[in-house]
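To start, the structure itself, in structure tokens.
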Amino acid sequence: MSAAPILSVRDLRVGFATEGGLLQAVDKVSFDLAPGEVLAIVGESGSGKSVTAQTMIGLTRSKNARIEGSVKLDGEELLDADDATMRRLRGEKIGMVFQDPMTSFNPVYRLGAQIVEAIRAHQEDVGKDQARRRVVELFESVGIPNAERRIDDYPHEFSGGMRQRAMIAMALALEPEVLIADEPTTALDVTIQAQILHLLEDLNRERGLATILITHDLGVVAEVADRVLVMYAGRVVEEGTLDEIFYDPQHPYTWGLMGSLTRLDRPRPHRLPQIAGSPPSLLDLPQGCPFRPRCPHEFSKCTEYPALEARLPDAPDHRDRCWLNPDQKREKRQVEGQIGLEAPEGVPRG
Amino acid sequence: MLRFIARRLVGMVLVLFVVSLIVFLIFNVIPNSPPAQRLAGKNATPTLVKSIEEEWGFDESLPKQYVTMMKKVFTGELIQYSPRVPVDDRIKEGIPATLSLSIGAGIIWLAFGLLLGYLAAIRAGGWLDRTLTGVAVAGISIPVFLLAPVLIYFLTYKLEIFPNGGYVGWTEDPWEWLQHMILPWFTLAVLSIGFYSRVLRSNMLDVMNEDYVRTARAKGLSERKVMSRHVLRNSLIPITTLFGLDFGATIAGTAIITEVLFNIEGIGLYAAESIGKLELPPIMGITLYGAFFVVFINALVDIAYAYLDPRVRLGSTAR
């Protein structure tokens, strides 16, 4: 990634004071995002991916939230920005697409009006008619047919896929530089998922939009991501380029995620593999590596918390948090026999 | 939308028909004594009873009796027998006072209920919220028959701010009308102010967790706009239903106590007097009048509901 990052997150920590103590939802997450790049953040529910994204745009601010670290957009620090500044940035610099298009629009207002509202919240001098024309153009650009007529429909008159397109149109209304898509395809049919992903990909390419794609679906990741951040229990356990993560995953948790993908090019397993156990309570993390209790390869060193660092000599940007050495990893991974895609030619791995 | 309204009005007529049937059954059929005797009142002469029996056709079949009764109700021939006064006239006389009282109280409880509920919700958990909760619970807990005498005692006898009960038509003297109405309005509204503020507060706290509120924030709306345009707007939908039911019930019955306490010559006071003297025709007439208002206002509310929540307008969309 040669381009200068537009968004730079350093050691982001987000905790929430609860009755059971401080819940560390996000712990020391760092990443950079360049214009035109798609960064996927992957993990199970509760791994801290949505909290990370919402913290960046100030939506997790509250009396009970403890936020530390640094989030810089174009060099401007967001974590100490006042509420008015954050409000201006939301929508204008950072657009956000949410998971469930069924519930993410207000049911009592027309879709067009909801997008006009977003435009006029930032650009007061834009007249209603002018804003409406912009919405029609936006609807056309995200592939909603009969845009002129459909902007006066209510959300319940749209199908799920169309609604998600409208959501994307809204996120793009003010031509933001960063788009955060939080599980944008999770609530959609598989066929619609592909359409929405391709739409996001096109927008990303055409507009040079820096995109953060939050998902638990590695199929989605494989489709569009440039780089991948794998999160577990609020921490990044592995990061690298798409190829590095898919062809040479280093962390047993990533292997588990890969293993639970359904594969059309392999014999159908008797049961879909899964990662045994469930994620630890964030209020009561195990000592050392948080994945330890579920990890089949745990050994004595694992009670020490591993740093996120490059452990492969030839891949300085491929970092992970696992004590196993690379040779052991490749060996154990192969024993499981279900990891990774077949490396295409020219990728010297595994 | 027109189809929706038409459908709702047909429904309204059907409900009123059923209500009238029930009233007929309760007053004329179910009691185990000659209906003419009861209609005539306490000290009726045998001749009066006899004439009532003929007039109402109590020797005929039940459907015929029902038709006779409805004819009387609709043509204004329903009369009370001691003294002989058409029930219709008395109800018409009472309507301005009762509507003044109910509508004024309705506006007050809605305005204050929503204001206090809104403030409590946006300051949820803070001292303002806790104070308002206390006030609301107090308002809900104080019975009207206690509140009214206390208000009358202090504000009318001691401080002499307000006149002592009675009703002045607002066409006669608007200022006097207002002065006479303020205490009854607040007396009638206090319970509902407390109740509505609680309901709105909890509705708003629910709506605040909706995804679309997060969307509204994510697109950079100011907190005030998020609250008023998205949270409050959507929280008002259930309030509308509640208001329809309560307002109808107020006109049709709840106002009785307040009218008696403040000596306001409305329909409530007439109902209370008639019940005291066991006069059936007025009670019958007032029951039907009340049912009409409850049903009519609920039809209005349903129409308002369709305006407030586009998902309700099923008839107007293609589905």
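Top line first, the protein sequences correspond to chains A and B.
The first sequence begins at 19 in my numbering and counts up by one.
The second sequence begins at 34 in my numbering and counts up by one.
Note that beta-carbon positions come from the ideal geometry of N, C-alpha and C, so glycine has one too.
Keep in mind that this is a model prediction, so the values were computed, not measured.
**Request:** Drop a sphere of 10 angstroms on the beta-carbon of Y190/B, count the other beta-carbons inside from all chains shown, and report buried for 16 or more, exposed for fewer.
**Result:** exposed
**Prompt:** the stretch 52-76 of chain A: which residues have C-beta closer than 7 angstroms to a C-beta of chain B, in chain order?
**Reply:** I75
**Asked** Contact between the stretch 39-58 of chain B and the stretch 279-298 of chain B: three or more CB pairs below 8 angstroms?
**Response** no
**Asked** Name the chain A residues whose beta carbon is nearer than 9 angstroms to that of D279/B?
**Response** Residues of chain A passing the Cβ test: none, with the nearest at roughly 23 angstroms.
**Item:** Under 8 angstroms (Cβ pairs) to chain A, residues found in the stretch 328-347 of chain B
**Value:** L341, D342, P343 and R344
**Prompt:** Near V345/B, which residues of its chain fall below 7 angstroms by C-beta distance, leaving aside the five closest residues on each side in sequence?
**Reply:** Y338 and A339
**Distance CB(L218/A)-CB(A191/A) smaller than 8 angstroms** = no
**Request:** Could you work out which residues of chain A lie near L254/B, taking near to mean beta carbons separated by less than 8 angstroms?
**Result:** R105, E135, A136 and A139
**Ordered list of alpha helix (DSSP H) runs contained in the stretch 294-360 of chain A, each at least 4 residues** = 344-354
**Asked** Which residues does DSSP pair with T259/A in a beta bridge?
**Response** R245/A
**Asked** Which term fits I357/A, buried or exposed, when burial requires 16 or more other beta carbons within 10 angstroms of its beta carbon?
**Response** Here the model assigns I357/A a pLDDT of 45, short of 50, so the residue's position is not dependable, and the following value carries that caveat. When all chains shown are included, I357/A counts as buried.
**Item:** Burial state of L206/A, where buried means 16 or more other Cβ atoms lie within 10 Å
**Value:** buried
**Message:** Any beta carbon from chain A within less than 8 angstroms of T220/B's own beta carbon?
**Reply:** no
**Request:** Could you give the DSSP three-state label for E142/A: helix, strand or coil?
**Result:** coil
**Request:** Run the CB neighbour count on M34/B, radius 10 Å, all protein chains shown included, and call it buried at 16 or more, exposed below.
**Result:** exposed
**Message:** Does the CB of N267/B have a neighbour CB from chain A at under 8 angstroms?
**Reply:** yes
**Item:** Three-way DSSP call (helix, strand, coil) for S63/A in this model
**Value:** coil
**Asked** Is it buried or exposed for G295/A, if we count other Cβ within 10 angstroms and need 16 for buried?
**Response** exposed
**Prompt:** Distance, Cα to Cα, T164/B vs D239/B?
**Reply:** 21 angstroms
**Message:** Just to check my reading of the structure: L278/B and L147/B have Cβ atoms closer than 8 angstroms, yes? What is that Cβ distance to the nearest angstrom?
**Reply:** Wrong, their Cβ atoms sit about 17 angstroms apart, outside the cutoff.
**Message:** Taking the beta carbon of A102/A as the centre, do at least 16 other beta carbons fall within 10 Å, making it buried, or is it exposed?
**Reply:** exposed
**Item:** Beta carbon proximity, P23/A to chain B, threshold 8 angstroms
**Value:** no
**Prompt:** Whose C-alpha, out of F325/B, I194/B, M237/B and I316/B, is nearest the C-alpha of P119/B?
**Reply:** I316/B
**Prompt:** Quick one: is D244/B near chain A, going by C-beta distance under 8 angstroms?
**Reply:** yes
**Request:** Counting only the same chain and skipping the five closest in sequence on each side, list residues whose C-beta sits under 6 angstroms from that of T272/A.
**Result:** V248 and E256
**Through-space distance from A169/B to S135/B, alpha-carbon basis** = 20 angstroms
**Request:** Work out the CA separation of A69/B and V43/B for me, nearest whole Å.
**Result:** 34 angstroms
**Option nearest E110/A by Cα separation, candidates I24/A, H140/A, I263/A and L30/A** = H140/A
**Request:** Enumerate in chain order the residues of its own chain whose CB-to-CB distance from P125/A is below 8 angstroms, with the five nearest sequence positions on each side excluded.
**Result:** Y172, P173 and H174
**Message:** For V208/A, report the span of its alpha helix (DSSP H) as first-last.
**Reply:** V208 to R225
**Asked** Secondary structure at K310/B, three-state DSSP: helix, strand or coil?
**Response** coil
**Message:** So, under 8 angstroms CB-CB, H336/A and Q268/A are touching, yes? Tell me the CB distance rounded to an integer number of Å.
**Reply:** 7 angstroms
**Message:** On the CB-based measure, 16 or more other CB atoms within 10 Å of its CB, does P217/B come out buried or exposed?
**Reply:** buried
**Request:** Closer than 6 angstroms by C-beta to I112/A: which residues in its own chain qualify, once you throw out the five before and the five after it? Chain order, please.
**Result:** I75, P194 and V196
**Asked** Span of the alpha helix (DSSP H) holding E87/B?
**Response** P79 to W89
**Asked** The beta strand (DSSP E) spanning K90/A covers which residue range?
**Response** A83 to L91
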